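A.B. asks: Under my numbering, the first residue of the sequence shown carries the number 4, and numbering increases by one thereafter. Each residue gets a CB set at the ideal place from its N, CA and C atoms; glycine is no exception. Keep in mind the model is a prediction, meaning the values are calculated, not measured.
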Amino acid sequence: MPPGFVIARGPMERFLRRQGFAAVTLPWRRVHILFEYRLRQDIIAHERVHLDQIARVGPVRFTISYLFWLALV
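1. Can residue 48 and residue 36 be called in contact, C-beta distance under 8 Å?
2. Quick check: the Cα distance between residue 32 and residue 41, rounded to an integer number of angstroms?
3. Name the one or two DSSP bridge partners that residue 28 has.
4. Give the straight-line distance between the Cα atoms of residue 75 and residue 68, rounded to the nearest whole angstrom.
5. At what residues does the beta strand (DSSP E) containing residue 9 begin and finish?
6. Does DSSP classify residue 59 as helix, strand or coil?
7. With distance defined between alpha-carbon atoms, name the residue in 20, 27, 6 and 38 nearest to residue 72.
See below:
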């Protein structure tokens with residue numbers, strides 16, 4: 004797995020499963036991914052886009068935008 008990616012465990016794993024997500028990117032540039040998706044290059048690429056967004060707009064603006072879009076789902 005790429006740097007910054009970790010296997011989701013405990014509460015984070017439960018959160019991802021409950022929401023139906025394969026992975027989630029957190030503002031401190033950490034990606035939690037479910038074990039069964041750890042080799043999926045499409046999901047890794049998608050989460051890398053979020054890491055690029057954090058680098059570009061900063062963690063605060065990223066978090067506000069991310070939460071806004073999650074609320075729409």
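C.D. replies: Looking at the coordinates:
1. Residue mapping note: residue 48 aligns to position 45 of the sequence shown, counting from 1. Residue mapping note: residue 36 aligns to position 33 of the sequence shown, counting from 1. In this structure, residue 48 sits away from residue 36, with a CB-CB distance that is not shorter than 8 Å.
2. Within the sequence shown, residue 32 is the residue found at index 29, counting from 1. Within the sequence shown, residue 41 is the residue found at index 38, counting from 1. So the alpha carbons of these two residues sit roughly 17 Å apart.
3. The sequence position of residue 28 within the sequence shown is 25, counting from 1. 34.
4. Reading the sequence shown from its first residue, position 72 is the one you call residue 75. Reading the sequence shown from its first residue, position 65 is the one you call residue 68. Each residue's Cα considered, the two are about 11 Å apart.
5. Locating residue 9 in the sequence shown gives position 6, where the first residue counts as 1. First-last of the beta strand (DSSP E) with residue 9: 8-10.
6. Taking the sequence shown and counting its residues from 1, one reaches residue 59 at position 56. DSSP places residue 59 in helix when its eight states are reduced to three.
7. The sequence position of residue 72 within the sequence shown is 69, counting from 1. Closest option to residue 72, Cα to Cα, is 27.
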